[in-house]
Every structure is written in structure tokens, then in C-alpha cells.
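Structure record follows, encoded as C-alpha cells.
In mature numbering (1 follows the signal peptide of the UniProt record, and there is no 0), the protein residues as written are -20 to -1, 1 to 214.
Encoded structure:
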């Protein structure tokens, strides 16, 4: 019954759905900015097109906060940014023709579907007839943070340390023997910490559903629906 209620809430409030990112996550959506100075410092930024942390040369002044000292620092800050289908990551493109068709595109900076004027020819596939079809296609559908999707990697050393990793196939946190060095970020010291990170979305969904049973009698009310959906898809 709770699952049915959750689906009901999603469908009845789909138009008031918004992506909610924390301030720390929002910096990951900023365009890379080397700054005006000429120092050549190796830094890392989150690339919203490739959805990976990548190297860039920082000039040493100004720029923006999508600027990390190391790959791991970048990955730690941005690992929970939702995965977006490739066409939704394309820049808005009106095309060379002069018609005026109202369309919607997915904006990777705001993480929302926004209206624009399409010229009627060429352009790219990041354009949709209406906001609902745009959101249905482009919104992230995974509750699992990216690091939890890393494959099991025991590392290259000779120690035997009990650890846990998230198995995306079984959707459970399982034991493995860690060698002590290297490996992937899908590596937790306890089952509890593993589940806390990788199964958090599922747990939060059910918690929020229990808190909003009154929504059945007030289907027009979208209060806190974005919290429920954020928990489901992130």
C-alpha cells in the first residue's frame, strides 16, 4: 500500500517536482573556470557533460568553487550528483531556422527543464514538446550514489581486512576481504556505514511516505513532495 501511495504522489505532483541539491553539490554543476591568472596548477573539476571528475589547469586566482585539489576530493564532493541521459546533457540549441516553436530542454546547471524557442530545424535532441516529457526522460532514476556502483576491487596489497561493498545486483552490502591499499571507493568499514550511504534513498522514501499518509485525502497538495522524490531518485 505504501508503494502504491508513493506512485500516486509522484504522478499527482509531477509538475511541482524540482531537483534539490545541497550547496556543496551545486558547485559541481558550475562550468570549469581557469581564472584570469597565468599560473599552471593542476586541479580537478566535475564535468557535467561526461559526468566525471577531470583535470584542468587553474590559473591561480578567481575562477569558481568547482575546483578541487585532488581527484578524490572532487569525487567525494560530487559522487551523488545524479546520472543524466546523454542527450539531456547537451547545450540548448535553437537551430539556424527562423520558426518560433516553444520547446523544453534540460538545463544541467539548474537541473530543471526550461522553455526555449526552437527555430524548427537542426539543433540537437535536447528539445522536448512539453515539460512533462522532458522531465520524464531526463530526471535521474537511480537512488544509488555513483561510488556505490563501482565494481568490487580488493586492491593490490597483501593484507586481509574485512570490509563491505555495495552489490548493485543484489542491492545489498556484502563482505569482502580488502588487501589494504588501492581498490575503489565502494569500500566501507561496516555494513551499517555501507547501507547508510548506498541504501539511504530507499530508506528515506519509506520514511517520508509514512509521514505523509494524509496525502491520500489531499491529492492536490504537493507539500514536501520534492523531498520524497529527491529521496527516491538520489
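Note that the Cβ used here is the ideal one computed from N, Cα and C, for glycine as well.
Nearest candidate by alpha-carbon position, reference residue 167, set 132, 12 and 34: That would be 132, whose Cα lies nearest to the Cα of residue 167.
Straight-line gap, residue 51 to residue 135 (C-alpha atoms, nearest Å): Residue 135 has its alpha-carbon roughly 18 Å from the corresponding atom of residue 51.
Proximity winner among 169, 78 and 86, relative to residue 300 (alpha-carbon distances): The shown model of the chain, from -20 to 214, leaves out residue 300, and the question about it has no answer.
Whole-Å CB distance - residue 162 paired with residue 137, under 8 Å assumed: Contact holds; Cβ gap of about 7 Å.
Contact between the segment 99 to 115 and the segment 62 to 79 (3+ Cβ pairs under 8 Å): Yes: at least three Cβ pairs fall under 8 Å.
Three-way DSSP call (helix, strand, coil) for residue 9 in this model: Here residue 9 carries a helix assignment [DSSP, helix/strand/coil].
Spatially closest choice to residue 59 from 155, 6, 147 and 141, by CA coordinates: Checking every option, the nearest Cα to that of residue 59 belongs to 6.
Uninterrupted alpha helix (DSSP H) stretches inside the segment 108 to 175 (no shorter than 4 residues): Considered as a whole, the segment 108 to 175 harbours 111 to 118 as its complete alpha helix (DSSP H) runs of no fewer than 4 residues, in chain order.
Local conformation of residue 51 per DSSP, three classes: DSSP places residue 51 within a helical segment (H, G or I) once states are collapsed to three.
Check whether residue 35 and residue 22 have beta carbons under 9 Å apart: Cβ atoms of residue 35 and residue 22: closer than 9 Å.
Host beta strand (DSSP E) of residue 34 (start-end): Unbroken beta strand (DSSP E) run through residue 34: 32 to 38.
Delimiting residues of the beta strand (DSSP E) encompassing residue 93: That run of the beta strand (DSSP E) goes 92 to 98.
Cβ-based neighbour list, residue 154, same chain, cut-off 7 Å, excluding 5 preceding and 5 following: The answer, listed in chain order, is 144, 145 and 147.
Beta-carbon proximity of residue 62 to residue 42, cut-off 9 Å: No. Outside cutoff.
For residue 69, three-class secondary structure by DSSP: Correct three-state label for residue 69: helix.
Buried/exposed call for residue 77, threshold 16 Cβ in 10 Å: Exposed.
Proximal residues to residue 171 (C-beta, below 7 Å), its chain only, five neighbours per side dropped: Contacts found: 144 and 153.
Inter-residue spacing [alpha-carbon to alpha-carbon] between residue -9 and residue 109: Low confidence applies here, because residue -9 scores a pLDDT of 37, under 50, leaving its location unreliable and the question unanswered by this model.
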